[in-house]
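Asker: Below you'll find the structure I mean.
Number of protein chains: 2
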Amino acid sequence: MKKAVGIDLGGTFIKGAIIDEEGHIVVKNEIPTEVEKGPEDILKRIEVLVHSLARGASVALSDLAGVGIGIPGFLDDATGMAVEVVNLGWKDVSVRDPLKERLGLPIYLENDANSAALGEAWVGAGRGRDSAICITLGTGVGGGIVLGARVLRGANVMAGEIGHMVMDPDGARCNCGRHGCLETVSSATGIVRLAKERLARGETSSLNANQLTPADVFAAAAQGDIVATEVLSYAIDTLGRGLAIAAVLINPEVIVVGGGMSRAGNALFKPLNASFKHYALPRVAEVADIVPATLGNDAGVVGAGKLALYS
Amino acid sequence: MKKAVGIDLGGTFIKGAIIDEEGHIVVKNEIPTEVEKGPEDILKRIEVLVHSLARGASVALSDLAGVGIGIPGFLDDATGMAVEVVNLGWKDVSVRDPLKERLGLPIYLENDANSAALGEAWVGAGRGRDSAICITLGTGVGGGIVLGARVLRGANVMAGEIGHMVMDPDGARCNCGRHGCLETVSSATGIVRLAKERLARGETSSLNANQLTPADVFAAAAQGDIVATEVLSYAIDTLGRGLAIAAVLINPEVIVVGGGMSRAGNALFKPLNASFKHYALPRVAEVADIVPATLGNDAGVVGAGKLALYS
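From first to last, the protein sequence lines stand for chains A and B.
Residue 194 in the working numbering sits at position 194 of the first sequence, with consecutive numbering throughout.
Numbering-wise, the working numbering comes out as the position in the second sequence, counting from 1, plus 1000.
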């Protein structure tokens, strides 16, 4: 069976795996990114990781179909460069050609959220569906749109930036420079910010501003805390409206929600479904289930592997 | 050269044309819809129209590639039925099979906004671009998304419903039942409604509530009328934000704006571009021009013809 390497390049770890044609992980591994050592060192680490994965799977490098790499930033497909990767401090770093030369394999670059979406759509929660919108709720709100067996890349690999839909033009400033982007409200960061703002106004709550995670907010809401309940209600309602907007454009068969916050389970998915149905045209809502992601942290490497297997 | 028939089924007229492989209109014609006579009569009229078009182009019916039909409502692709067409008062009307039987030609059904989008993307303002978002500003805001040479249809032919993105959850009630859809604000109907609401509040304006079109609002704004200026500013800013939201999801090469209101020219396109750039990620905005549609009322028949030629 054909196999390929999938790499998920993150700010803390570089994850890698050998993926087979059916989407199984043959072997996986991860190494620290050590951003401070610079791009050249990171490319070297990716090379070493690929060699170690091949050894672990007892496959000759030359028998692999290629290497797919999910990168958390903006890419230029024509040149194979990472144009801007904020988490790594990269600007205009050539990735494809140097790695191709070192490894002698085809290299495929993709945005990391797109890779994860492709993984979930292929063998995760979107398996068997023809179209999927996949989001990851973390520090931001990452997104990818999968149509047929391919991720929608767009004119310059910017498609699927669901986290940057401007939901409220008068909202808080986003890292991207705009105001009121979905991820200023419905990400882990957004929920913590909203809760802290209310605590700072002196509202009564069991929440502790000095130690506050989305899990704390969900836990407090479950105990009837009003601040926590209202913050979650707003964040989830806004997310439901964002997904409804995306769905009336894409009309997908499934919407997959992953990332740390998706572990809240029913406390997230029940109100999220209600809000989605409230804002989406009924014919759109009736065909699009909202379901939790199933691949967890493996989605990125699986999707990146798929890129190399099927591009 | 291969030719096909494109039909644009509207509430007032049924437009039809013979389209060649290069997107030229060989001959076109239109007949009244006469909705009140019911679906059976309308299918009969389409049959008669197709025969007369073929005669006009001196083509034997059997030499045509097929008939594409743009329908202003919800479709079921599996059964070839129009599930709901509000303007025609249709519910569950079988269209594909009866016409196929009468004409002996393949019949292709498409949503009318999708047909128009396909026409503009093919040989109109989107010619030569690989991806396009096309909208029509009229009574509502119609939309279609074209990727590669195909219109995005989605799971049940509902993709591209840009007019029903909920921009303001506290906004006015939409015909679809939701509140604050884009078309409650940025359509011809929306602009007239917003202006009338302000006149009803007794605000000073040169506008006449009893005779009020978007053209009147544009004209008054050009003369410095404050109500007209503010209404347009809000409607256009909301449209710019809606297009920015669609663009960060789709990352298109071009955005085509048609319909009666697009005749306002710079008075529309200049602020619309500014608003779009304000709300879209810079890398998304820099590749996506907003341009006026060029096919006018022919977009629908051209796109429907393309469906029949290239499906």
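The beta-carbon is built from N, C-alpha and C at its ideal position, and this holds for glycine as well.
#1: Give the straight-line distance between the Cα atoms of A:Ile133 and A:Ala247, rounded to the nearest whole angstrom.
#2: Going straight from the alpha carbon of A:Ile46 to that of A:Leu109, what length do you get?
#3: Taking only runs that begin and end inside the region 231 to 284 of chain A, name each unbroken alpha helix (DSSP H) of 4 or more residues, in chain order.
#4: If you measure between the beta carbons of B:Glu1197 and B:Val1141, is that distance less than 8 Å?
#5: Can you pull the chain A neighbours of B:Tyr1279, defined as C-beta to C-beta under 8 Å?
#6: How is A:Val59 classed by DSSP in three states: helix, strand or coil?
#7: Residues of the region 1241 to 1260 of chain B in Cβ contact with chain A at a cutoff of 8 Å, in chain order, please.
#8: Alpha carbon to alpha carbon, how far is A:Leu232 from A:Gly190? Give it in angstroms, no decimals.
#9: What span of residues does the alpha helix (DSSP H) with A:Val123 cover, start to end?
#10: Would you say B:Glu967 faces chain A, with C-beta separation under 8 Å as the test?
#11: Bridge partners for A:His179 per DSSP, in chain order?
#12: Do you know offhand how far B:Ala1159's Cα is from A:Pro282's?
#13: Determine the contact status of A:Gly143 and A:Asp112, defining contact as a CB-CB distance below 8 Å.
#14: Look up A:Asn29 in the DSSP assignment and say whether it is helix, strand or coil.
#15: Would you say B:Phe1013 faces chain A, with C-beta separation under 8 Å as the test?
#16: Just grab the DSSP bridge partners of A:Glu84 for me.
#17: Taking the alpha carbon of A:Pro315 as the reference point, which residue from A:His164, A:Ser62, A:Met165 and A:Ala235 has its own alpha carbon closest?
#18: Does the beta-carbon of A:Ile31, which I'm using as the reference point, lie nearer than 7 Å to any heavy atom of the ligand MN?
#19: Following the continuous alpha helix (DSSP H) through B:Pro1098, name the residue where it begins and the one where it ends.
#20: Does B:Glu1120 get closer than 8 Å to chain E when you measure Cβ to Cβ?
#21: Below 8 Å on the Cβ atoms is my guess for B:Gly1154 versus A:Ser131; work out the distance and round it to an integer in Å.
#22: Rank B:Val1192, B:Gly1163 and B:Ala1304 by C-alpha distance to the C-alpha of B:His1179 and give the top, closest one.
#23: Candidates B:Val1083, B:Pro1252, B:Gly1224 and B:Arg1173: which alpha carbon is nearest B:Val1146's?
#24: On the three-state DSSP scale, how would you describe B:Ala1200?
#25: If you measure between the beta carbons of B:Val1254 and B:Ala1125, is that distance less than 8 Å?
#26: Quick one: is A:Arg55 near chain B, going by C-beta distance under 8 Å?
#27: Let's see if you can read the secondary structure: which residues bound the alpha helix (DSSP H) around A:Lys306?
#28: By the three-class DSSP mapping on this structure, what secondary structure does B:Ser1052 have?
#29: Do you know offhand how far B:Gly1303's Cα is from B:Gly1068's?
#30: For A:Met81, count the other beta carbons within 10 Å of its own beta carbon; 16 or more makes it buried, fewer makes it exposed. Which is it?
#31: Nearest to A:Cys176 by CA position, among A:Arg55, A:Asn210 and A:Gly73, is which residue?
#32: Secondary structure at B:Pro1214, three-state DSSP: helix, strand or coil?
#33: My output table needs one value for B:Leu1137: the three-state DSSP class, helix, strand or coil.
#34: Going by Cα to Cα distance, which pick from A:Val157, A:Phe218 and A:Gly11 is closest to A:Glu30?
#35: So, does the CB of A:Met81 fall closer than 8 Å to a CB anywhere in chain B?
#36: Could you check where the beta strand (DSSP E) with B:Val1291 kicks off and where it finishes?
Answerer: Reading it off the structure:
#1: 8 Å
#2: 13 Å
#3: 266 to 279
#4: no
#5: Val166, Pro169 and Arg178
#6: coil
#7: Arg1241, Ala1244, Ile1245, Ala1246, Val1248, Leu1249, Ile1250, Asn1251, Pro1252 and Glu1253
#8: 10 Å
#9: Asp112 to Val123
#10: Beyond the ends of chain B as shown, which are 1001 and 1311, falls residue 967 of chain B; an answer cannot be given.
#11: A:Arg173
#12: 13 Å
#13: no
#14: strand
#15: no
#16: A:Phe74 and A:Lys91
#17: With chain A represented from 1 up to 311, any question about residue 315 of chain A goes unanswered, as that position is not in the structure.
#18: In terms of ligand content, the structure shown is empty, and the ligand MN therefore cannot be addressed.
#19: Arg1096 to Leu1103
#20: Any reference to chain E falls outside this structure, whose protein chains are A and B.
#21: 7 Å
#22: B:Gly1163
#23: B:Pro1252
#24: helix
#25: yes
#26: no
#27: Ala299 to Tyr310
#28: helix
#29: 8 Å
#30: buried
#31: A:Gly73
#32: helix
#33: strand
#34: A:Gly11
#35: no
#36: Asp1289 to Pro1292
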